[in-house]
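*Asks:* Quick one: the structure is below, and I'll ask about it shortly.
There are 2 protein chains.
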Amino acid sequence: MVEQEADEILKDADVADVAFLVVGDPFGATTHSDLVLRAVKAGISYRVIHNASIMNAVGCCGLQLYNFGETVSVVFWTDTWKPESFYDKIKRNRLNGMHTLCLLDIKVKEQSVENLIKGRKIYEPPRYMSVNQASEQLLEIIQNRRGQSEKLALSEDTICVGLSRVGAEDQKILAGPLKEMASAELGGPLHSMIISGHLHPLEIDMLKLFAVSEASFENLKMTDSSTFTS
Amino acid sequence: MVEQEADEILKDADVADVAFLVVGDPFGATTHSDLVLRAVKAGISYRVIHNASIMNAVGCCGLQLYNFGETVSVVFWTDTWKPESFYDKIKRNRLNGMHTLCLLDIKVKEQSVENLIKGRKIYEPPRYMSVNQASEQLLEIIQNRRGQSEKLALSEDTICVGLSRVGAEDQKILAGPLKEMASAELGGPLHSMIISGHLHPLEIDMLKLFAVSEASFENLKMTDSSTFTS
Chain A
1 MVEQEADEIL KDADVADVAF LVVGDPFGAT THSDLVLRAV KAGISYRVIH NASIMNAVGC
61 CGLQLYNFGE TVSVVFWTDT WKPESFYDKI KRNRLNGMHT LCLLDIKVKE QSVENLIKGR
121 KIYEPPRYMS VNQASEQLLE IIQNRRGQSE KLALSEDTIC VGLSRVGAED QKILAGPLKE
181 MASAELGGPL HSMIISGHLH PLEIDMLKLF AVSEASFENL KMTDSSTFTS
Chain B
1 MVEQEADEIL KDADVADVAF LVVGDPFGAT THSDLVLRAV KAGISYRVIH NASIMNAVGC
61 CGLQLYNFGE TVSVVFWTDT WKPESFYDKI KRNRLNGMHT LCLLDIKVKE QSVENLIKGR
121 KIYEPPRYMS VNQASEQLLE IIQNRRGQSE KLALSEDTIC VGLSRVGAED QKILAGPLKE
181 MASAELGGPL HSMIISGHLH PLEIDMLKLF AVSEASFENL KMTDSSTFTS
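Going down the list, the sequences are from chains A and B. For the first sequence, full-length UniProt numbering gives the first residue as 1, with consecutive numbering after it. For the second sequence, full-length UniProt numbering gives the first residue as 1, with consecutive numbering after it.
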């Protein structure tokens with residue numbers, strides 16, 4: 001929406017102060033860079049007020065921020081479109097021992113194909129991907145890749161973290177193997193998810209505070225964590 | 001210092017509210033996880049208030065946060081101790097097309113060897129690594145590696161970004177090749193530095209706003225950026 005309304009936002013910004021409020025940090029999204037570039041081009045000075053962002057607030061689960069690799073986006077699959085590209089990024093991070101923050105898809109102000117064709121400005125209810133949905137998509141990819149006899153970068157037992165409403169009073173964090181994340185109860189949106197990489201003992205101690213079941217962490221050394229460590 | 005004073009901080013926290021203020025986000029540092037674990041062990045509940053952190057505020061230079069790989073720490077070299085491990089992490093990020101945030105060393109409350117031996121609690125003046133110093137160390141590593149006829153992951157011409165006092169009124173951002181960063185004027189601490197990976201056109205447009213010299217960005221496609229792209 002910022003894309004379409006950039007000119008509107010900047011219209012009087014040369015003579016009056018204009019503020020543009022965003023969720024998280026202003027530079028989490030490409031479109032906000034675009035707004036800055038338009039402002040500068042129009043000779044309008046700007047000032048950025050930084051804020052906590054999910055990109056750093058995820059540290060609350062105990063996984064260290066400097067052990068994260070590239071952040072990935074997990075998109076809603078449809079019947080005909082099931083991209084797996086985020087798996088390959090998670091794999092690359094895992095091969096380097098790094099954790100992966102997965103930002104889960106948000107669909108707001110979407111039109112159905114029918115309404116789009118008929119030009120009716122009727123929007124579907126907003127959808128926010130849950131950790132359960134993201135986990136199921138990941139489990140399906142693992143199944144697919146297993147069929148291709150590819151060396152797997154993660155499995156049903158890989159330790160993951162589900163986070164919801166981080167920063168809010170009712171935030172929730174759950175840690176456990178991927179297969180448990182498919183049914184973990186995290187409540188309403190927004191959700192985020194982390195696929196762990198190599199786990200430091202202190203990180204394991206922190207994750208245990210949020211364990212779906214303590215048992216999952218007991219055999220950690222012998223099973224998953226040793227497969228892909230740096 | 002938190003390490004030594006954790007018990008002091010938590011002493012009366014079971015009967016009164018205790019706040020522990022930090023620079024940046026509370027979970028940027030391992031030691032703060034340790035404080036949480038001690039609190040939980042002592043049956044003391046805790047709540048985290050997130051904040052902007054250099055880990056996400058660096059986005060103000062226009063490089064996209066989701067294109068960053070592992071964050072590295074650059075430590076002060078001494079005459080006898082010149083670790084190069086951060087170079088290898090930068091290399092790994094570059095090979096994957098990712099940017100690298102370099103957190104620069106801070107030395108506060110350090111004792112000289114003499115004062116340490118004699119048990120004198122006299123502390124050296126605080127030292128904060130500048131982008132100039134970090135650049136010089138990196139240039140020296142590049143020289144060393146070139147001697148070993150290793151395929152270089154970065155060169156004197158790799159586009160870097162120097163940032164100082166991010167978030168403050170007098171923050172400063174400069175972008176240019178590494179060799180220019182060795183003498184870039186960024187003023188007082190704290191400094192941070194980014195080694196770019198693969199640059200998206202929008203990212204280049206943003207960096208140009210902070211260019212030491214426009215010329216450095218003109219031949220970008222033909223020289224550095226194509227060497228290590230995903």
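Every residue gets a Cβ at the ideal spot worked out from N, C-alpha and C, and that includes glycine.
Using a Cβ cut-off of 7 Å, pull out every chain A residue sitting near B/Phe27, in sequence order please.
*Replies:* Ordered by position in chain A, the residues that pass the 7 Å Cβ test against B/Phe27 are Gly59, Cys60 and Leu65.
*Asks:* Short of 6 Å in beta carbon distance, which residues of its chain neighbour A/Thr71, apart from the five on each side in sequence? Order them along the chain.
*Replies:* Contacts found: Leu101.
*Asks:* I'd like to know whether the C-beta of A/Thr80 is nearer than 8 Å to at least one C-beta of chain B.
*Replies:* Answer no: the Cβ-Cβ gap between A/Thr80 and chain B never drops below 8 Å.
*Asks:* Just to confirm the assignment, what range does the alpha helix (DSSP H) spanning B/Ser85 have?
*Replies:* Note, B/Ser85: alpha helix (DSSP H), Ser85 to Leu95.
*Asks:* Assign A/Ser112 to one of three DSSP states: helix, strand, or coil.
*Replies:* A/Ser112: coil per DSSP, three-state reduction.
*Asks:* If we cut at 8 Å on Cβ distances, does B/Val212 have a partner in chain A?
*Replies:* No, its Cβ sits nowhere closer than 8 Å to a Cβ of chain A.
*Asks:* Have a look at B/Glu124 and B/Ile159 and give me their C-alpha separation to the nearest angstrom.
*Replies:* Whole-angstrom Cα-Cα distance: 34 Å.
*Asks:* Could you work out which residue in B/Val15, B/Thr78 and B/Leu35 is closest to B/Ser112 when comparing CA atoms only?
*Replies:* Of the listed residues, the one whose Cα sits closest to B/Ser112 is B/Thr78.
*Asks:* Consider the Cβ of B/Thr100: report whether some Cβ of chain A lies at a distance smaller than 8 Å.
*Replies:* Not an interface residue.
*Asks:* May I ask you to verify whether the region 51 to 58 of chain A touches the region 20 to 27 of chain A, counting CB pairs closer than 8 Å and requiring at least 3?
*Replies:* Yes, the region 51 to 58 of chain A touches the region 20 to 27 of chain A.
*Asks:* Start and end of the alpha helix (DSSP H) containing A/Thr78?
*Replies:* Careful: A/Thr78 lies outside any alpha helix (DSSP H) and carries neither H nor E.
*Asks:* For B/Leu207, I'd like the list of residues in its chain whose CB is within less than 6 Å of its CB, leaving aside the five on either flank, ordered along the chain.
*Replies:* Hits under 6 Å: Gly62 and Ala175.
*Asks:* In its own chain, which residues sit with a C-beta less than 7 Å from the C-beta of B/Thr223, not counting the 5 before and 5 after it?
*Replies:* Annotation note: pLDDT 45 at B/Thr223 (below 50); position unreliable, no value reported.
*Asks:* Return the residue from the list B/Leu163, B/Leu190 and B/Leu154 that minimises the CA-CA distance to B/His198.
*Replies:* The shortest C-alpha separation from B/His198 is found at B/Leu154.
*Asks:* In its own chain, which residues sit with a C-beta less than 6 Å from the C-beta of A/Pro189, not counting the 5 before and 5 after it?
*Replies:* So the list reads Tyr128, once near-sequence residues are dropped.
*Asks:* Provide the residue span of the beta strand (DSSP E) that contains A/Ser192, from first to last.
*Replies:* Its beta strand (DSSP E) spans residues His191 to Ile195.
*Asks:* B/Val131 and B/Ala184 look like a contact to me (Cβ under 8 Å); what is the Cβ gap, rounded to whole Å?
*Replies:* 6 Å between Cβ atoms; contact.
*Asks:* List the residues of chain A whose Cβ lies closer than 9 Å to the Cβ of B/Glu84, in chain order.
*Replies:* The premise fails here: B/Glu84 is roughly 16 Å from chain A at the closest Cβ pair, so nothing lies under 9 Å.
*Asks:* Which same chain residues, not among the five before or five after A/Leu152, have their C-beta less than 7 Å away from its C-beta?
*Replies:* Around A/Leu152: Ile142, Arg145 and Arg146.
*Asks:* Going by the beta-carbon positions, is the gap between A/Gly28 and B/Gly59 smaller than 8 Å?
*Replies:* Yes, the pair counts as a contact, with Cβ atoms nearer than the cut-off.
*Asks:* In the region 194 to 210 of chain A, which residues sit with their C-beta less than 7 Å from some C-beta in chain B, listed in chain order?
*Replies:* Going along the region 194 to 210 of chain A in chain order, one finds Leu202, Asp205, Met206 and Leu209 with a Cβ nearer than 7 Å to chain B.
*Asks:* What's the call for B/Pro126, buried or exposed, on a 16-neighbour Cβ count within 10 Å?
*Replies:* Label assigned to B/Pro126: exposed.
*Asks:* A/His50 touches chain B at which residues, Cβ-Cβ below 8 Å?
*Replies:* Within chain B, the residues near A/His50 are Ala52, Asn56, Ala57, Cys60, Val166 and Gly167.
*Asks:* Quick one: what's A/Pro177 bridged to in DSSP?
*Replies:* Partner(s): A/Ile159.
*Asks:* Over the uninterrupted alpha helix (DSSP H) stretch that includes A/Leu138, give me the two end residues.
*Replies:* Its alpha helix (DSSP H) spans residues Val131 to Gly147.
*Asks:* Report the rounded CA-to-CA distance for B/Leu103 versus B/Phe86, giving the unit in angstroms.
*Replies:* Distance between the alpha carbons of B/Leu103 and B/Phe86 is about 10 Å.
*Asks:* State the beta-bridge partners of A/Ile106 as determined by DSSP.
*Replies:* Beta-bridge pairing links A/Ile106 to A/Tyr128.
*Asks:* Could you tell me whether the Cβ of A/Glu70 comes closer than 8 Å to any Cβ of chain B?
*Replies:* Output row for A/Glu70: interface = yes.
*Asks:* Among residues of its own chain, excluding the 5 on either side of B/Ser73, which ones have a beta-carbon nearer than 6 Å to its beta-carbon?
*Replies:* So the qualifying residues of the chain are Leu103.
*Asks:* Note down, in chain order, every chain E residue with its Cβ under 7 Å from the Cβ of B/Arg94.
*Replies:* As a matter of chain content, chain E is missing from the structure shown, whose protein chains are A and B.
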